[in-house]
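First comes the structure, then the notes that go with it.
There are 2 protein chains.
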Amino acid sequence: METKAENACFGGTQGVYSHRSEVCACDMTFGLFLPVEAKDGPVPLLWFLSGLTCTHENAMTKAGAQSHAAAHGIGLVFPDTSPRGEDVADDDDFAMGQGAGFYVNATEAPWKANFRMWDYVTGELPALLGEHFAVDLSRQSITGHSMGGHGALTIAMHMPETYRAVSAFAPMANTTDSDWGRPQLRAYLGDDAEAHARHDASRLVAERGFPGPMLIDQGTSDQFLDKLKPEALATAIATRRQEATFRMQPGYDHSYFFVSTFIEDHVDFHADALWS
Amino acid sequence: METKAENACFGGTQGVYSHRSEVCACDMTFGLFLPVEAKDGPVPLLWFLSGLTCTHENAMTKAGAQSHAAAHGIGLVFPDTSPRGEDVADDDDFAMGQGAGFYVNATEAPWKANFRMWDYVTGELPALLGEHFAVDLSRQSITGHSMGGHGALTIAMHMPETYRAVSAFAPMANTTDSDWGRPQLRAYLGDDAEAHARHDASRLVAERGFPGPMLIDQGTSDQFLDKLKPEALATAIATRRQEATFRMQPGYDHSYFFVSTFIEDHVDFHADALWS
Numbered sequence: 001m002e003t004k005a006e007n008a009c010f011g012g013t014q015g016v017y018s019h020r021s022e023v024c025a026c027d028m029t030f031g032l033f034l035p036v037e038a039k040d041g042p043v044p045l046l047w048f049l050s051g052l053t054c055t056h057e058n059a060m061t062k063a064g065a066q067s068h069a070a071a072h073g074i075g076l077v078f079p080d081t082s083p084r085g086e087d088v089a090d091d092d093d094f095a096m097g098q099g100a101g102f103y104v105n106a107t108e109a110p111w112k113a114n115f116r117m118w119d120y121v122t123g124e125l126p127a128l129l130g131e132h133f134a135v136d137l138s139r140q141s142i143t144g145h146s147m148g149g150h151g152a153l154t155i156a157m158h159m160p161e162t163y164r165a166v167s168a169f170a171p172m173a174n175t176t177d178s179d180w181g182r183p184q185l186r187a188y189l190g191d192d193a194e195a196h197a198r199h200d201a202s203r204l205v206a207e208r209g210f211p212g213p214m215l216i217d218q219g220t221s222d223q224f225l226d227k228l229k230p231e232a233l234a235t236a237i238a239t240r241r242q243e244a245t246f247r248m249q250p251g252y253d254h255s256y257f258f259v260s261t262f263i264e265d266h267v268d269f270h271a272d273a274l275w276s
Numbered sequence: 277m278e279t280k281a282e283n284a285c286f287g288g289t290q291g292v293y294s295h296r297s298e299v300c301a302c303d304m305t306f307g308l309f310l311p312v313e314a315k316d317g318p319v320p321l322l323w324f325l326s327g328l329t330c331t332h333e334n335a336m337t338k339a340g341a342q343s344h345a346a347a348h349g350i351g352l353v354f355p356d357t358s359p360r361g362e363d364v365a366d367d368d369d370f371a372m373g374q375g376a377g378f379y380v381n382a383t384e385a386p387w388k389a390n391f392r393m394w395d396y397v398t399g400e401l402p403a404l405l406g407e408h409f410a411v412d413l414s415r416q417s418i419t420g421h422s423m424g425g426h427g428a429l430t431i432a433m434h435m436p437e438t439y440r441a442v443s444a445f446a447p448m449a450n451t452t453d454s455d456w457g458r459p460q461l462r463a464y465l466g467d468d469a470e471a472h473a474r475h476d477a478s479r480l481v482a483e484r485g486f487p488g489p490m491l492i493d494q495g496t497s498d499q500f501l502d503k504l505k506p507e508a509l510a511t512a513i514a515t516r517r518q519e520a521t522f523r524m525q526p527g528y529d530h531s532y533f534f535v536s537t538f539i540e541d542h543v544d545f546h547a548d549a550l551w552s
């Protein structure tokens, strides 16, 4: 593992590290914020999964999460959104290929050679963090934005024993019924409708739900509402009686100005679960 | 004036606007955050001047100032750091030309055609803001980072009737005795030593001081300490008995992780002065 940068930040350290990923068969880069408490022992860990076109860097520099994580003594990890590199498959569409891993394990060529973000985020990267950093893997929680909100929700519902709470900012909420989801799931996973359904947050809420708390924020002026389909998620939450807070935030769009406005609520929400 | 973007942000609006600048003889872009209170009338205004290579965007997206400005009901303006465009002079050195205006009015060719950031930031842009937005120009305050800290300090000390308080993050503190300052002041202003001295924060503290409060933060692990010369500013402050808080922050570097860590203190400091 290589240290790309370490900056003092809110009393702790904001680091950027790269490492060879066996799962993705390429070098991967991630950001990790550790509060000062990590000097004395392992701290709880909140995952932030980012959206289309993002790297590890966007949320790390724009979301403003570190101040609130420091206040609660919890760590933050910012993975990349896909495998990357000259030898990694890509596509002209920004919603496919590099920068658009959709947090699945691809089964179709050419994607299956590298695009295994599900296993990377849920297996290889947490193991690496546990080995090299003072993080307490028995206290994890997960959030994300847009495609990363989709990732957070779908991962948490499949692995409720691992994540104590889940939240999302403007998540892709109904991938099997959206231009942001259907074409990508078909490319990555083939024509297997059951496989697609395992990566649709609204369908997962309807079918299995999440045993912990869930927090969703969605701006009413989001320019991608027709692709995100929050109504499917709201319906599923209400129909299942899923423990959840679902907020439509008037006037907010899809940008990091939206994320940064409500990040304090989300970090507070996860800290409650992580420290309970 | 053209609206490039407006995003809901902490209950207010983060906007980006461009306009034809007569002073700089080119199009200029700036960011402006207005809290919700601006809907009911003019709000106080805090200027954030950025450093080398920055545009209007860096501090606007990375400093995390909006949450604190919203809490105090004050506006934030993020000007660009220089004139820009194909017809504007530039230099291969990132510390000279576009992205490196040093907040002076250039008198030397080729720079004098456009590089008039002093007049732009102190005259043309505030007038434009007063005309188009709900800002109270009788309540202004100023801060900045690195080259922008230099700009904030030098501007405030020359125009103490305009700015109620001044602060800086890792300012270029002694430009006439630094590789970040001396070559640029010579290029922009010629060999006029008195003109150079008017743009040296430490010399201005020694010679005239500032009638209001001053707050300086400097990281002890800043990679540019030899160019910033905080010791000159600390000496000048102490020698003059200037009202000031000068903080050396252990372990922090020159990055926006440093700025974001202490931005709350700075916005609180300015809000106290702006609302008194």
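Protein sequence lines correspond, in order, to chains A and B.
In terms of our numbering, the first sequence opens at residue 1 and continues consecutively.
In terms of our numbering, the second sequence opens at residue 277 and continues consecutively.
Backbone N, C-alpha and C fix where the C-beta goes; we use that ideal spot for every residue, glycine too.
Inter-residue spacing [alpha-carbon to alpha-carbon] between residue i and residue j
i	j	result
isoleucine 350 of chain B	tryptophan 323 of chain B	11 Å
glutamate 293 of chain A	valine 16 of chain A	For residue 293 of chain A there is no data in the structure shown, the boundaries of chain A being 1 and 276.
lysine 39 of chain A	alanine 134 of chain A	8 Å
alanine 70 of chain A	tyrosine 532 of chain B	16 Å
glutamate 540 of chain B	aspartate 87 of chain A	44 Å
arginine 415 of chain B	valine 267 of chain A	34 Å
serine 221 of chain A	aspartate 253 of chain A	5 Å
arginine 484 of chain B	alanine 477 of chain B	10 Å
aspartate 77 of chain A	methionine 28 of chain A	Reading off the sequence shown, one finds valine at residue 77 of chain A, where the question assumed aspartate. Each residue's Cα considered, the two are about 13 Å apart.
histidine 72 of chain A	alanine 271 of chain A	6 Å
glycine 425 of chain B	phenylalanine 445 of chain B	6 Å
glutamine 460 of chain B	valine 397 of chain B	19 Å
arginine 203 of chain A	valine 319 of chain B	47 Å
glycine 84 of chain A	methionine 96 of chain A	With the sequence shown as reference, residue 84 of chain A is identified as arginine, and glycine is not the correct amino acid for it. Approximately 12 Å, taken between the alpha carbons.
phenylalanine 534 of chain B	glycine 212 of chain A	35 Å
phenylalanine 246 of chain A	arginine 516 of chain B	57 Å
isoleucine 155 of chain A	serine 167 of chain A	11 Å
glycine 317 of chain B	glycine 406 of chain B	12 Å
methionine 147 of chain A	alanine 193 of chain A	19 Å
proline 182 of chain A	threonine 289 of chain B	In the sequence as presented, proline is not what sits at residue 182 of chain A; that position holds arginine. Cα to Cα, arginine 182 of chain A sits roughly 34 Å from threonine 289 of chain B.
alanine 389 of chain B	glycine 375 of chain B	16 Å
glycine 190 of chain A	aspartate 91 of chain A	16 Å
leucine 274 of chain A	leucine 45 of chain A	8 Å
alanine 385 of chain B	tryptophan 456 of chain B	20 Å
histidine 68 of chain A	glutamate 37 of chain A	14 Å
proline 171 of chain A	threonine 143 of chain A	10 Å
serine 565 of chain B	proline 436 of chain B	Past the edges of chain B, shown from 277 to 552, lies residue 565 of chain B, and the structure says nothing about it.
proline 230 of chain A	serine 260 of chain A	20 Å
Within-8 Å CB hit, residue i to chain C
i	result
threonine 3 of chain A	The chain labelled as chain C is not found among the protein chains of the depicted structure, namely A and B.
Chain B contact residues for residue i, given Cβ-Cβ distances below 9 Å
i	result
threonine 261 of chain A	Ala284, Cys285, Phe286, Gly287, Gln342, Ser343, Ala346
Inter-residue CB distance, residue i and residue j (contact presumed, cutoff 8 Å)
i	j	result
aspartate 217 of chain A	phenylalanine 262 of chain A	5 Å
glutamine 342 of chain B	cysteine 300 of chain B	Not confirmed; about 26 Å, so no contact.
histidine 475 of chain B	threonine 438 of chain B	So it is not a contact: roughly 17 Å between Cβ atoms.
glycine 287 of chain B	proline 311 of chain B	7 Å
tyrosine 188 of chain A	glycine 151 of chain A	About 13 Å separates the two Cβ atoms, so there is no contact after all.
serine 297 of chain B	lysine 280 of chain B	With 8 Å as the limit, serine 297 of chain B and lysine 280 of chain B do not qualify as a contact, their Cβ atoms being about 15 Å apart.
alanine 365 of chain B	tryptophan 394 of chain B	Actually they do not touch by this definition, with Cβ atoms about 17 Å apart.
serine 274 of chain B	alanine 449 of chain B	Because residue 274 of chain B is not part of the residues shown, which for chain B are 277 to 552, the question remains open.
threonine 53 of chain A	phenylalanine 94 of chain A	5 Å
phenylalanine 486 of chain B	glutamine 525 of chain B	Contact flag wrong, Cβ pair sits at about 22 Å.
glycine 31 of chain A	methionine 60 of chain A	4 Å
alanine 236 of chain A	alanine 206 of chain A	5 Å
leucine 325 of chain B	proline 355 of chain B	7 Å
Interface residues of chain A facing residue i [CB-CB closer than 9 Å]
i	result
phenylalanine 534 of chain B	Asn7, Ala8, Cys9
Chain-ordered chain A contacts of residue i [CB-CB under 7 Å]
i	result
threonine 331 of chain B	What threonine 331 of chain B touches in chain A: nothing, since even the nearest Cβ is about 15 Å away.
Closer than 8 Å at the beta carbon, the chain A residues around residue i
i	result
threonine 337 of chain B	Thr61, Lys62, Tyr256
Chain B residues whose Cβ lies nearer than 8 Å to that of residue i
i	result
glutamine 14 of chain A	Phe533
Any non-hydrogen atom of the ligand FMN within 7 Å of residue i CB
i	result
methionine 435 of chain B	The ligand FMN is not part of the structure shown, which contains no ligands of any sort.
Of all the alpha helix (DSSP H) runs that stay within the bounds of the stretch 113-193 of chain A, which reach a length of 4 or more residues?
125-132, 147-158, 182-189
Runs of beta strand (DSSP E) wholly within the stretch 45-114 of chain A (minimum 3 residues, chain order)
75-79
Interface residues of the stretch 481-504 of chain B facing chain A [CB-CB below 8 Å]
Gly495, Ser497
Short of 8 Å Cβ to Cβ, which residues in the stretch 415-448 of chain B face chain A?
none
Check each residue of the stretch 511-531 of chain B: if its Cβ is closer than 7 Å to any Cβ of chain A, include it; give the result in chain order.
Gly527, Tyr528, Asp529, Ser531
For the stretch 210-253 of chain A, which segments carrying the alpha helix (DSSP H) assignment without a break, of at least 4 residues, lie completely within its bounds, in sequence order?
225-228, 230-240
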